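To start, the structure itself, in structure tokens.
In our numbering, the protein residues as written are 146 to 368.
In structure tokens form, the structure reads like this:
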């Protein structure tokens, strides 16, 4: 639940200034918030990387796009984002060190990843077919929203094959940006988690955020 909440906040912070092509600058608050939320999310559960990567990439690309306007400001904001992440991660590692009474720093996300990356460890918790998340758990948790998402992803794939559409307004551009971020979050989150042979429904809880947003913003397919 906390992983889901942090992902929702990350969506809000990253997309609050509009689409990729907009001229709105990224604020210092956004840089601090993204760095802190990424650290909190990863230390909450290491799988947060799977869900947050598209948003982090979008945020980074939008920064790069503004280098031509003010390169020194962009460098400063990248530095602030990284510093916020490092400081928050260092604080959490220090708290984990005290919690586990360890003589050295504890890197909890790496320990969790190392354990879950070994099939012999996962066997103790039960092994599942790799399609379990996509064909069973998603529908178990989210019902009709999954059909909307799958159809939306399919229509996007068809439109990409047919050729890009012309974006004729800022409002439409904003909707496309939100839709794209939701689609990529679903693809990365569901795809990467499905690569593991142990698949519990609760692992997919963060997908509630992009699924709801995608369902709300999905409109009839225009010819």
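All C-beta atoms in this analysis are idealised placements derived from N, C-alpha and C, irrespective of residue type, glycine included. In this text, all values refer to a predicted model and were calculated from it rather than measured experimentally.
Check, Outcome
"Assign residue 236 to buried or exposed, taking buried as 16 or more other Cβ atoms, counted over all protein chains shown, within 10 Å of its Cβ.", "exposed"
"Starting from residue 240 and walking both ways along the alpha helix (DSSP H), at which residues does that stretch end?", "216–244"
"According to DSSP, is residue 151 helix, strand or coil?", "helix"
"Can you give the beta carbon distance from residue 334 to residue 352, rounded, assuming they're within the 8 Å contact cut?", "6 Å"
"Tell me the rounded alpha-carbon separation between residue 322 and residue 243.", "42 Å"
"Say the cut is 7 Å; is the CB of residue 302 nearer than that to a heavy atom of the ligand MG?", "Absence of the ligand MG from the depicted structure is noted, as is the absence of any ligand whatsoever, leaving it without description."
"Can you give me the C-alpha to C-alpha distance between residue 250 and residue 240, rounded to a whole angstrom?", "9 Å"
"Would you mind giving the Cβ-Cβ distance between residue 205 and residue 151, rounded to the nearest angstrom? I have them listed as a contact below 8 Å.", "Contact flag wrong, Cβ pair sits at about 18 Å."
"Quick one: residues in its chain with C-beta nearer than 7 Å to the C-beta of residue 277, no 5 flanking neighbours on either side, listed in chain order?", "344"
"Just reading off the alpha helix (DSSP H) that residue 287 is part of, what are its end residues?", "283–287"
"For a minimum of 4 consecutive residues, which ranges assigned as the alpha helix (DSSP H) are wholly contained in the region 171–213?", "173–189, 193–210"
"Closer than 8 Å by C-beta to residue 146: which residues in its own chain qualify, once you throw out the five before and the five after it? Chain order, please.", "350"
"Report all residues from its chain with a CB closer than 7 Å to the CB of residue 208; omit the five preceding and five following residues, and keep chain order.", "171, 219, 222, 223"
"How would you write the range of the alpha helix (DSSP H) that residue 258 sits in, first residue to last?", "253–261"
"Should residue 266 go down as buried or exposed, given a rule of 16 or more other Cβ atoms within 10 Å for buried?", "exposed"
"Considering only the beta carbon of each residue, do residue 286 and residue 346 sit closer than 8 Å?", "yes"
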